[in-house]
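Written below as structure tokens is the structure these notes are about.
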């Protein structure tokens, strides 16, 4: 199964923009040539070189086990929206937020963030194949990610593609970062979830 890596540039592209292709670890990267890419060439190259490391995290057994845990599955859209509304209505750690925070996968994501080289990761969170939050560190501002562009583009109707977002301020981590969405694929090639990783902009700049 082919996994496409798509970098979306949030800028007005010149008329002579062209679609280019590269490969990382045998996977295609598609991006649009633009002034943005030229301006942030070092950042682009940094992320591209990090892709294999991010994929390795998504392949950890703890990630796959969490995605097949029936206790974490919520199929009803109405129930998902109810939980999301409750989640976003307060900044306090509710009983449900605490439950998500204590899951084994959340503890794994926390250790990955805290012990990453140069504190590169600002956040990691895992969603199921319907956008429901399975685990996170730190806790996200939303429970349901299924209506977010970073999730929609990466899940890609089940076809799976890596999505690299724009440089932006993230409320959850209180830092300027770039979010990279990595599909989690099972043994038969199905996209079972999306792992979203925040990369600190300042650390990436210091590394160049």
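Numbering (the numbering used here), first residue to last: 282 to 489. We put the beta carbon where it would ideally sit given N, CA and C, even for glycine. Nothing here was measured: the structure is a model prediction, and the numbers come from that model.
Query raised in the report: Where are the alpha helix (DSSP H) runs, 4 residues long or more, that stay fully inside the stretch 381-433, in chain order?
Result: For the stretch 381-433, the full-length alpha helix (DSSP H) segments reaching 4 residues or more read 385-395 along the chain.
Report task. Give the straight-line distance between the Cα atoms of residue 389 and residue 383, rounded to the nearest whole angstrom. Result -> Here residue 389 refers to the residue found at position 108 of the chain shown. Here residue 383 refers to the residue found at position 102 of the chain shown. Looking at the two C-alpha atoms, the distance is approximately 10 angstroms.
Report task. Output the distance between the C-alpha atoms of residue 373 and residue 426, rounded to the nearest integer angstrom. Result -> Indexing the chain shown from 1 puts residue 373 at position 92. Indexing the chain shown from 1 puts residue 426 at position 145. Take the alpha-carbon of residue 373 and the one of residue 426: they are about 19 angstroms apart.
Query raised in the report: Below 8 angstroms, can you find three or more Cβ-Cβ pairs linking the stretch 433-447 to the stretch 460-473?
Result: The stretch 433-447, when compared against the stretch 460-473, does touch it at the 8 angstroms Cβ threshold.
Query raised in the report: Nearest-angstrom Cα distance between residue 484 and residue 470?
Result: The count along the chain shown starts at 1 and reaches residue 484 at position 203. The count along the chain shown starts at 1 and reaches residue 470 at position 189. Taking C-alpha positions only, residue 484 is separated from residue 470 by approximately 34 angstroms.
Query raised in the report: Do the stretch 402-422 and the stretch 440-458 make contact, defined as three or more Cβ pairs closer than 8 angstroms?
Result: Per the Cβ contact rule, the stretch 402-422 is in contact with the stretch 440-458 (3 or more Cβ pairs under 8 angstroms).
Query raised in the report: So what's residue 484 in DSSP terms, helix, strand or just coil?
Result: For this step, residue 484 is matched to residue 203 along the chain shown. Look at residue 484 here: in three-state DSSP terms it is helix.
Report task. Run the CB neighbour count on residue 442, radius 10 Å, all protein chains shown included, and call it buried at 16 or more, exposed below. Result -> Position 161 of the chain shown, counted from the start, is the residue given in the question as residue 442. The residue is buried, with at least 16 neighbouring Cβ atoms inside 10 Å.
Query raised in the report: Tell me the DSSP bridge mates of residue 355?
Result: Start at 1 with the first residue of the chain shown, and residue 355 comes out as number 74. BP columns for residue 355 are empty, so no partner.
Query raised in the report: Out of curiosity, what's the CA-to-CA distance linking residue 410 and residue 325?
Result: In the chain shown, residue 410 corresponds to position 129, counting from 1. In the chain shown, residue 325 corresponds to position 44, counting from 1. Using only the alpha carbons, I get a separation of about 27 angstroms.
**Report entry** Under 8 angstroms between C-beta atoms of residue 418 and residue 381
**Finding:** Numbered from 1 along the chain shown, position 137 holds the residue referred to as residue 418. Numbered from 1 along the chain shown, position 100 holds the residue referred to as residue 381. In this structure, residue 381 does not lie closer than 8 angstroms to residue 418 by Cβ.
Query raised in the report: Anyone know if the C-beta pair for residue 369 and residue 428 falls short of 8 angstroms?
Result: As a position in the chain shown, residue 369 is number 88, starting the count at 1. As a position in the chain shown, residue 428 is number 147, starting the count at 1. No, the Cβ-Cβ distance between residue 369 and residue 428 is not below 8 angstroms.
Query raised in the report: Hey, quick one: how far does the alpha helix (DSSP H) through residue 374 stretch, first residue to last?
Result: What you label residue 374 is simply residue 93 of the chain shown in a count that begins at 1. The continuous stretches of alpha helix (DSSP H) do not include residue 374, and DSSP gives it neither H nor E.
**Report entry** CA-to-CA distance, residue 357 to residue 327, given in whole angstroms
**Finding:** For this step, residue 327 is matched to residue 46 along the chain shown. For this step, residue 357 is matched to residue 76 along the chain shown. For residue 327 and residue 357, the distance between alpha carbons rounds to 40 angstroms.
Requested in this report: For residue 481, count neighbouring C-beta atoms within 10 Å of its own C-beta (all shown protein chains included) and say buried if the count is 16 or more, exposed if not.
Outcome: The residue you call residue 481 lines up with position 200 of the chain shown. Residue 481 should be labelled buried.
Query raised in the report: Out of 440, 486, 488, 416, which has the shortest C-alpha to C-alpha gap to residue 476?
Result: As a position in the chain shown, residue 476 is number 195, starting the count at 1. Measuring from the Cα of residue 476, the nearest candidate turns out to be 416.
Query raised in the report: With 16 as the cutoff for other CB atoms within 10 Å, does residue 472 come out buried or exposed?
Result: Position 191 of the chain shown holds residue 472. Here residue 472 is buried, its C-beta having at least 16 other C-beta atoms within 10 Å.
Report task. Please list, in chain order, all residues of the same chain as residue 338 whose beta carbon is under 8 angstroms from its beta carbon, the five residues on each side excluded. Result -> Locating residue 338 in the chain shown gives position 57, counting from the first residue. Excluding positions up to five away in sequence, the list reads 344, 393, 405, 463, 476, 478.
Report task. Please report the residue range of the alpha helix (DSSP H) in which residue 346 lies. Result -> In the chain shown, the residue the question calls residue 346 occupies position 65. Where residue 346 is concerned, the enclosing alpha helix (DSSP H) stretches over 342-348.
Report task. Can you check DSSP and say which residues form a bridge with residue 464? Result -> Within the chain shown, residue 464 is the residue found at index 183, counting from 1. DSSP, once it has assigned bridges, lists 475 as partnering residue 464.
Query raised in the report: Sorted by chain position, which residues of the same chain lie with C-beta nearer than 6 angstroms to residue 412's C-beta, five sequence neighbours on each side aside?
Result: Along the chain shown, one-based indexing puts residue 412 at 131. Excluding five sequence positions before and after residue 412, the CB atoms of its chain that fall closer than 6 angstroms to its own CB belong to 425, 426, 427, 432, given in chain order.
Report task. Determine the closest residue to residue 346 out of 486, 488, 468, 489, with distance taken between C-alpha atoms. Result -> Looking up residue 346 in the chain shown gives position 65. Looking at the Cα atoms, 468 is the closest of the given residues.
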